[in-house]
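Asks: If you scroll down you'll find the structure; I have some questions about it.
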Amino acid sequence: MTLIPVVVAVAGASPAGAATNQFRGMNWAVLGDNFSTSPLVVQGLSMSDSNATVRAKANALYDDMAAIGVNTVRLPINTHTVGTTWWNSYRGAIDAATARGFKVILAYWEDGAASGGRITNLAAWNTMWSRVTNTYGSNVNVYFEPMNEPHGYSSADWRNVAANWLGYHYSAVPSRVLIGGTGFSQDLRDICNDSRFSGTLLSFHYYAFFYGAMTYDAFRSHIQTRLGNCASRAVATEYGAPMSTGLNYADAGSTDNFVRYLRAVTQVMRDNQMGGTYWPAIGGKRTGSLGYDHYSMFALSGSGTDLNLTVRNAAGRDRVRYGWGL
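Residues -18 to -1, 1 to 308, numbered by mature numbering (1 follows the signal peptide of the UniProt record, and there is no 0), are exactly what the sequence shown covers, in order.
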């Protein structure tokens, strides 16, 4: 695919915000992860659900999320979901959130992990986003993330793809767009320094498993470096650690790498007044024989529309809340 740079008229736009800690969120994901060549059915929903059923299920889950301070949900979309019969139902999860004042981040996942972090069908991607931005562009509670973890591109190519997206999808107000960093969204410096994105928010991911073991101070320094000069516009749209193993995230002296990592991420967030969406609330990759993602903040129970979430690790919950500034 030949990528043609465009000059997008956002360079002189007002900064997206002096802080992003208004985003106190969770990712609601597919059990098994969101990389799929099928419609995305996040955990707790069923393809047979009507829009009304999805709304009822979503509200039950949002009630329990709100109880720990959540006011934002990041939801996946792909080209096999938007515009389908399932999309008519899935929109209930978006609309239930915005109706209660939640912010929603709609993020595109490419067609399966085998796509290598690249958009596999540019025309379908643009058609999908046109539908989404035409529907939700005027809803101030809906935010758009053109691509999750665009790691299959060089920095220059990804920035051109993202700039083209901004120019093409004019229904998306730049201040409600989150542009992912380079390298699995874990480095914001090139995006931060590109004036084409000066009016947007930035999507930042940071996981311990990408790096070797570090001290708490080393994690903090590394995270801050990767944020560049744009922490004030960054939202940590993915970060997470095991919640099923009884780790004590309140222990400042812990030698456990995950504890040091999560304490460091949340400290950087708090220091910079950054918001974030923890990965995940429910859904995500199954861990070993557990049948669920051991990073998941909640255990899901119940049936029908009577769904309930139970916190897996109180210390982990409290540390995430600390990062949000609570």
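Backbone N, C-alpha and C define an ideal beta-carbon position, used for all residues, glycine too.
1. Which same chain residues end up closer than 8 Å to T80 when comparing Cβ atoms and leaving out the 5 residues on each side of it in sequence?
2. Can you check DSSP and say which residues form a bridge with F126?
3. Taking C-beta to C-beta, are A42 and L289 nearer than 7 Å?
4. For G9, list the residues DSSP reports as bridge partners.
5. Is it right to say residue 309 is buried, meaning 16 or more other beta carbons lie within 10 angstroms of its own, or is it exposed?
6. Just to confirm the assignment, what range does the beta strand (DSSP E) spanning I101 have?
7. Output the residue ranges of the alpha helix (DSSP H) runs that lie fully inside the region 150 to 194 and measure 4 residues or longer, sorted by chain position.
8. So does G265 have its beta carbon nearer than 6 Å to some heavy atom of the ligand SAM?
9. Give the DSSP-derived three-state secondary structure of A218 in the structure shown.
10. Along the alpha helix (DSSP H) that carries T66, what are the first and last residues, could you check?
11. Compare the beta carbon distance of G165 and H133 with 7 Å and say whether it is the shorter of the two.
12. Tell me which residue opens and which closes the beta strand (DSSP E) that S18 is part of.
13. Just tell me which of R301, A75, W261 has its CA closest to the CA of A40.
14. Are there 16 or more other CB atoms within 10 angstroms of the CB of N130, so buried, or fewer, so exposed?
15. Spatial neighbours of E220 within its chain, please: C-beta separation below 6 Å, excluding the five flanking residues on both sides.
16. Just mark G270 as buried or exposed, buried being the case when its beta carbon has 16 or more other beta carbons within 10 Å.
17. For the beta strand (DSSP E) containing T259, list its first residue and its last residue.
18. Got a sec, what are the start and stop residues for the alpha helix (DSSP H) A297 sits in?
19. Does DSSP put D31 in a helix, a strand or coil?
20. Evaluate the contact criterion for the region 241 to 256 versus the region 193 to 200: three or more CB pairs, one atom per stretch, below 8 Å.
21. Go through its chain and collect everything with a Cβ distance to S112's Cβ below 7 Å, but skip five positions before and after it.
22. On the DSSP bridge list, what partners appear for G284?
Replies: According to the data block:
1. V86, N121, N123, V124
2. L88, V159
3. yes
4. According to the sequence as given, residue 9 is Asn; it is not Gly. DSSP, once it has assigned bridges, lists R56 as partnering N9.
5. Absent from the structure is residue 309, since the part of the chain shown begins at -18 and ends at 308.
6. Premise fails: I101 is in no beta strand (DSSP E) and is neither H nor E.
7. 164 to 167, 171 to 174
8. Ligands displayed in this structure: none; no statement on the ligand SAM is therefore possible.
9. strand
10. Per DSSP, T66 belongs to no alpha helix (DSSP H) and is neither H nor E.
11. yes
12. From DSSP, S18 is part of no beta strand (DSSP E); its letter is neither H nor E.
13. A75
14. buried
15. H187, W261
16. exposed
17. 257 to 266
18. 296 to 305
19. coil
20. yes
21. H151
22. L289
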